[in-house]
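Participant: Here you go, one structure.
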Amino acid sequence: MLHDNIKVGENGHLYFAGMDTVDLAKKYGTPLYLMDENKLRENCRTFLKCIQKHFGEKSIPIFASKAISYLDIYRILKSEGIATDVVSGGEIFAASKAGFSSSMMFFHGNNKTDAEIEYALKSDVGYFVVDNREELDEVAACAKKHGKVQRILLRLAPGIDPHTHKAVVTGSVDSKFGVAIETGQAMELTKYALSKNNVKLIGFHCHIGSLIFENTPFSDAAEIMLSFIAEVRKQTGFTSEMLNLGGGLPSRYIEEHPTVDLDKTFAAIKAVLDRFLLKYDIRKPVIAFELGRYICANAGMTLYTVGSFKSITGYKNYISIDGGMADNPRYALYQSPYTVLVADRAGEDKTVIATIAGRCCESGDIIQEDVKIQPCKKGDILAVLVTGAYNYSMCSNYNRLPKPAMVCIKNKVDRVVVERESYEDMCKNEL
Ligand code: LLP
């Protein structure tokens, strides 16, 4: 199977994190998000081990909580010694509510509102990753008002093409994120930041995109960022204390995807860093990475109940499920590949080709198109694998569908970490 927490049991059922998924679907109802706590922790530990091995004890592993944000995950991260990236007042609130230390938060976003800036400052968020000049002015003014000096990184666009879906490319020169190095605007903003009171420039950040299977874009980005750091020192005398290289590591969604080797990616970046340190006599910056998908994607799975199998003679087959784009919009948005299985007969051959359709009122509500799957009928449980990243966090109430419950499994014990929404919950803010 794709990952070692996914197996077929002796009864032919699909097992996840050691538990029968058909039983879990019966117990909690569907659609149902599952999270494997042991896998989450294992991924956190691999991250910590690899970052320390290549970049030293002081390096900072950060989880990009936009990939999945709920109270319990912040508790898990905290206990694993992982920092968090937050992109809104909502994420700061949730992380704080879960007891996550604000000094370990990196506040991102290309348009943080003034209210969020004030909220983050009052919450003592450790680092702002400043996107633009207006934000810099606002952070400095607000920090002054509160008698603080805020630590900041500047978000730079290194101008890299990471060969991924265009919707998740973020480090190109024409990006909405950050300031471009190539145009000279990154240097301008750096000098401006150094001239400002109430902000302390700590270093630089880039994030080139998401779901990147090659190592070269990462090492190329590191090279560009490090050369910029050298140029800044030459022009201003400022030595960057930190370099945050963002996230973007993939996960295996289908058998055709290669296994992801964090150690190798980090080794490639480390080689660039070593060359740089040798060439310029510069103090090594603290290296940070903020991985989202790598940490949580393969810790998740979604279960649905099949409502119908429709065969359009001479055309195609549809399997309709009781969820869809509202709980997983990733195929609709990016045509993302997924592995799908009939959980009741997971060991059987996939002899049918069908399109897995959601229940929303539009034809684009699809989870996978023309995929191979086991034969199935109404009432069967359909599993979509590797849904831990950007599913729950991108879930909506489209068509007034309540958000699914999430059940976390730890050492073969299941517990609800997110309750299923009720109809009443969905109306609670409406007058
Ligand atoms: N750092 C920053 C500043 C980011 O914007 C992101 C993701 C990450 C780190 C983590 O990237 P990751 O390691 O998860 O690739 N909704 C899309 C992905 C959007 C990524 C947004 N930024 C999807 O479902 O594929």
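Numbering (my numbering), first residue to last: 66 to 496. Positions of the beta carbon are idealized from the N, C-alpha and C atoms, including for glycine. Predicted model only: the values in this text are computed from it and were never measured.
For residue 471 and residue 261, I'd like the C-alpha separation in whole angstroms.
Facilitator: The sequence position of residue 471 within the sequence shown is 406, counting from 1. The sequence position of residue 261 within the sequence shown is 196, counting from 1. Taking the straight line joining both Cα atoms gives about 45 Å.
Participant: Quick one: does the C-beta of residue 457 sit closer than 7 Å to a heavy atom of the ligand LLP?
Facilitator: For the purposes of this step, residue 457 is identified with residue 392 of the sequence shown, where counting begins at 1. Outside the cutoff, so no.
Participant: Nearest-angstrom Cα distance between residue 228 and residue 277?
Facilitator: Counted from its first residue, the sequence shown places residue 228 at position 163. Counted from its first residue, the sequence shown places residue 277 at position 212. Those two C-alpha atoms are separated by around 7 Å.
Participant: How close, in whole Å, do the beta carbons of residue 391 and residue 462 come, if the pair is a contact with beta carbons under 8 Å?
Facilitator: Within the sequence shown, the letter at position 326 stands for residue 391. Within the sequence shown, the letter at position 397 stands for residue 462. Sure, about 7 Å apart at Cβ, within 8 Å.
Participant: If you run the structure through DSSP and keep just helix, strand and coil, what is residue 117?
Facilitator: Residue numbering aside, residue 117 sits at position 52 when the sequence shown is read from its first letter. Residue 117 falls in the helix class under three-state DSSP.
Participant: Between which two residues does the beta strand (DSSP E) holding residue 265 run?
Facilitator: Position 200 of the sequence shown, counting from 1, holds the residue named residue 265. Run containing residue 265: 264-270, per the beta strand (DSSP E) assignment.
Participant: Decide if the stretch 156-176 is in contact with the stretch 118-134; the criterion is three or more beta carbon pairs, one per stretch, under 8 Å apart.
Facilitator: yes
Participant: Quick one, which of 438, 476, 428, 394 has its alpha-carbon nearest residue 460's?
Facilitator: Here residue 460 refers to the residue found at position 395 of the sequence shown. Minimum Cα-Cα distance from residue 460 among the listed residues 438, 476, 428, 394 corresponds to 394.
Participant: What does the alpha-carbon distance come out to for the pair residue 442 and residue 106?
Facilitator: On the sequence shown, position 377 is the one that residue 442 refers to. On the sequence shown, position 41 is the one that residue 106 refers to. Rounded to the nearest angstrom, the two C-alpha atoms are 36 Å apart.
Participant: Beta carbon of residue 468: closer than 7 Å to some heavy atom of the ligand LLP?
Facilitator: As a position in the sequence shown, residue 468 is number 403, starting the count at 1. No, the ligand LLP has no heavy atom inside 7 Å of this Cβ.
Participant: Exposed or buried, residue 478, counting other C-beta atoms within 10 Å across all chains shown (16 or more means buried)?
Facilitator: Residue 478 sits at position 413 when you count from the first residue of the sequence shown. Result: exposed.
Participant: Following a CB-centred definition, is residue 358 positioned closer than 7 Å to any heavy atom of the ligand LLP?
Facilitator: The count along the sequence shown starts at 1 and reaches residue 358 at position 293. Yes; taking the cut-off as 7 Å, the Cβ of residue 358 has a heavy atom of the ligand LLP nearer than that.
Participant: Does at least one heavy atom of the ligand LLP sit under 7 Å from the Cβ of residue 124?
Facilitator: Position 59 of the sequence shown, counted from the start, is the residue given in the question as residue 124. The answer is no for residue 124.
Participant: Identify, in the order they occur along the chain, each residue of the same chain with its Cβ nearer than 8 Å to the Cβ of residue 213, setting aside the five sequence neighbours on each side.
Facilitator: What you label residue 213 is simply residue 148 of the sequence shown in a count that begins at 1. Cβ neighbours of residue 213 beyond the five flanking positions: 186, 263.
Participant: Could you give the first and the last residue of the continuous beta strand (DSSP E) run that contains residue 140?
Facilitator: Along the sequence shown, one-based indexing puts residue 140 at 75. That residue, residue 140, is in no beta strand (DSSP E); its alpha helix (DSSP H) goes 136-145.
Participant: Looking at the unbroken beta strand (DSSP E) that takes in residue 383, where does it start and where does it end?
Facilitator: Residue 383 sits at position 318 when you count from the first residue of the sequence shown. Note, residue 383: beta strand (DSSP E), 382-386.
Participant: Quick one: using the 10 Å Cβ neighbour count with 16 as the cut-off for buried, is residue 91 buried or exposed?
Facilitator: Indexing the sequence shown from 1 puts residue 91 at position 26. Exposed: under 16 other Cβ atoms inside 10 Å.
Participant: Roughly how many angstroms lie between the CA atoms of residue 448 and residue 253, to the nearest whole one?
Facilitator: In the sequence shown, the residue the question calls residue 448 occupies position 383. In the sequence shown, the residue the question calls residue 253 occupies position 188. Between residue 448 and residue 253, the C-alpha separation is close to 51 Å.
Participant: With DSSP as the reference, label residue 454 as helix, strand or coil.
Facilitator: Counted from its first residue, the sequence shown places residue 454 at position 389. In this structure, residue 454 counts as coil in the three-state DSSP scheme.
Participant: What is the rounded straight-line gap between the Cα of residue 488 and the Cα of residue 467?
Facilitator: The residue labelled residue 488 in the question sits at position 423 within the sequence shown. The residue labelled residue 467 in the question sits at position 402 within the sequence shown. Between residue 488 and residue 467, the C-alpha separation is close to 7 Å.
Participant: Since residue 330 and residue 274 should fall inside the 8 Å C-beta cutoff, what is the C-beta to C-beta distance between them, to a whole number of angstroms?
Facilitator: Locating residue 330 in the sequence shown gives position 265, counting from the first residue. Locating residue 274 in the sequence shown gives position 209, counting from the first residue. About 14 Å; that fails the 8 Å criterion.
Participant: Measuring straight from C-alpha to C-alpha, what distance separates residue 238 and residue 270?
Facilitator: Within the sequence shown, numbered from 1, the residue matching residue 238 stands at position 173. Within the sequence shown, numbered from 1, the residue matching residue 270 stands at position 205. When rounded, the distance between both Cα atoms is 14 Å.
Participant: In angstroms with no decimal places, state the Cα-to-Cα distance between residue 123 and residue 93.
Facilitator: Taking the first residue of the sequence shown as 1, we reach residue 123 at position 58. Taking the first residue of the sequence shown as 1, we reach residue 93 at position 28. Cα to Cα, the separation comes out at about 43 Å.
Participant: Since residue 116 and residue 354 are thought to touch, with beta carbons under 8 Å apart, how far apart are those beta carbons, to the nearest angstrom?
Facilitator: For the purposes of this step, residue 116 is taken as residue 51 along the sequence shown, with counting starting at 1. For the purposes of this step, residue 354 is taken as residue 289 along the sequence shown, with counting starting at 1. The pair is a contact, with the Cβ atoms about 6 Å apart (cut-off 8 Å).
Participant: Which residues mark the beginning and the end of the alpha helix (DSSP H) in which residue 424 is found?
Facilitator: Position 359 of the sequence shown, counted from the start, is the residue given in the question as residue 424. Residue 424 -> no alpha helix (DSSP H), and no H or E assigned at all.
Participant: Going by the CB atoms, is the gap between residue 95 and residue 369 shorter than 8 Å?
Facilitator: Counting from one through the sequence shown, the residue named residue 369 turns up at place 304. Counting from one through the sequence shown, the residue named residue 95 turns up at place 30. In contact: residue 369 and residue 95 (Cβ atoms closer than 8 Å).
Participant: Please name the residue in 435, 191, 100, 219 whose C-alpha comes closest to that of residue 362.
Facilitator: Taking the first residue of the sequence shown as position 1, residue 362 is located at position 297. Sorting 435, 191, 100, 219 by C-alpha distance to the C-alpha of residue 362 places 100 at the top.
Participant: Tell me which residue opens and which closes the alpha helix (DSSP H) that residue 282 is part of.
Facilitator: Your numbering for residue 282 matches position 217 in the sequence shown. 281-301 is the extent of the alpha helix (DSSP H) around residue 282.
Participant: For residue 205, collect the residues of the same chain with a Cβ closer than 6 Å to its Cβ; drop the 5 residues on either side in sequence, then sort them by chain order.
Facilitator: Translated into the one-based positions of the sequence shown, residue 205 becomes position 140. Cβ within range, chain order: 261, 263, 264.
Participant: Shorter than 8 Å from the beta carbon of residue 362 to some beta carbon of chain D?
Facilitator: Of the chains in the structure shown, none is chain D; there is only one protein chain.
Participant: Round the Cβ separation of residue 102 and residue 475 to the nearest angstrom and send it over; I've been treating them as touching at under 8 Å.
Facilitator: Your numbering for residue 102 matches position 37 in the sequence shown. Your numbering for residue 475 matches position 410 in the sequence shown. Confirmed, about 4 Å.
Participant: Would you say the beta carbon of residue 155 is closer than 7 Å to some non-hydrogen atom of the ligand LLP?
Facilitator: Within the sequence shown, residue 155 is the residue found at index 90, counting from 1. Not one heavy atom of the ligand LLP lies closer than 7 Å to the C-beta of residue 155.
Participant: Taking the straight line between their C-alpha atoms, what separation do you get for residue 310 and residue 343?
Facilitator: Position 245 of the sequence shown, counted from the first residue, corresponds to residue 310. Position 278 of the sequence shown, counted from the first residue, corresponds to residue 343. Each residue's Cα considered, the two are about 20 Å apart.
Participant: What three-state label does DSSP hand residue 132 in the structure shown?
Facilitator: If you number the sequence shown from 1, residue 132 lands on position 67. Secondary structure at residue 132: coil, using DSSP grouped into helix, strand and coil.
Participant: Assuming residue 381 contacts residue 120 (C-beta within less than 8 Å), just tell me the rounded distance between them.
Facilitator: The count along the sequence shown starts at 1 and reaches residue 381 at position 316. The count along the sequence shown starts at 1 and reaches residue 120 at position 55. Going by Cβ atoms, the distance from residue 381 to residue 120 rounds to 50 Å, so no, they are not a contact pair.
Participant: Is residue 95 near the ligand SAH, with its Cβ less than 7 Å from a heavy atom?
Facilitator: Questions concerning the ligand SAH fall outside what the structure shown contains, since the ligands it does hold are the ligand LLP.
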